[in-house]
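Presented below is the structure to which this report refers.
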Amino acid sequence: RQSIEYGFCLYDSKVKWRPEGVELEEIASDEIGKIQLPSGSFNVDELTAILNTIPFDMTFVDKDGRVKYFTQGRERIFARSRAILGRNVRQCHPPSSVHVIEKILDDFKSGREDHTAFWITLEDRFIHIEYFALRAEDGDYLGTLEVSQDLTEKRKLRGEQRLLQYKNNET
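Just add 37 to the spot in the sequence shown (first one is 1) and you have the numbering used here.
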């Protein structure tokens, strides 16, 4: 199950197969990999960079309870391996918390709830975890988004910072 993450040892085709006698529609190079959304578009590299740069972890679980996606930021709060992709989310949590995950998914799927949040202290870090029900325009349940963020440093903020100041103190 982990071969996708590390590649395949026997075969990784660099040549694109084109069937004979079939006219293929040419696609402009800037359209390949384009992800069109209602408020704009990205190519795959841009969207990947955005999702892996935002300062929180996201995990998407589809309507059937299968892990479909997670961000891969530099400092993950909860370790994830690509081996969990396609796995039932219940198999990705400690047994002591599975009943909570099941309740969240059941409540979201039924429409009873759309959001919940938890916060915990983990190794001196204040971790905020939110779950959001994702719904289509018609209200159909699409899945659940888990968003985890380390708020330790933000909780220490006081006053205002209105002037540009980079982390290394250069302006």
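A virtual CB, placed ideally from N, CA and C, is assigned to each residue, including glycine.
Using a Cβ-Cβ distance cut-off of 8 angstroms, the stretch 124-142 and the stretch 98-111 are in contact, since at least three pairs of beta carbons, one from each stretch, lie closer than that value.
When DSSP states are grouped into helix, strand and coil, K191 belongs to the helix group. DSSP places I141 inside the alpha helix (DSSP H), whose first and last residues are 135-147. Ranked by Cα distance from Y168, the options Q198, G70, D143, E57 are led by D143. Here DSSP, grouped into helix, strand and coil, assigns E83 to helix. Of the residues N206, R172, N205, L179, the one whose Cα lies closest to the Cα of D99 is L179. A154: member of the beta strand (DSSP E) spanning 152-159, first to last residue.
In the displayed model, T90 falls within a helix according to three-state DSSP. With the rule of 3 Cβ pairs closer than 8 angstroms, the stretch 175-190 counts as touching the stretch 89-99.
Within the same chain, G148 come within 8 angstroms of G176 by CB-CB distance, once the 5 residues on both sides are set aside. Across the structure, R55 and I91 are spaced so that their CA atoms are roughly 39 angstroms apart.
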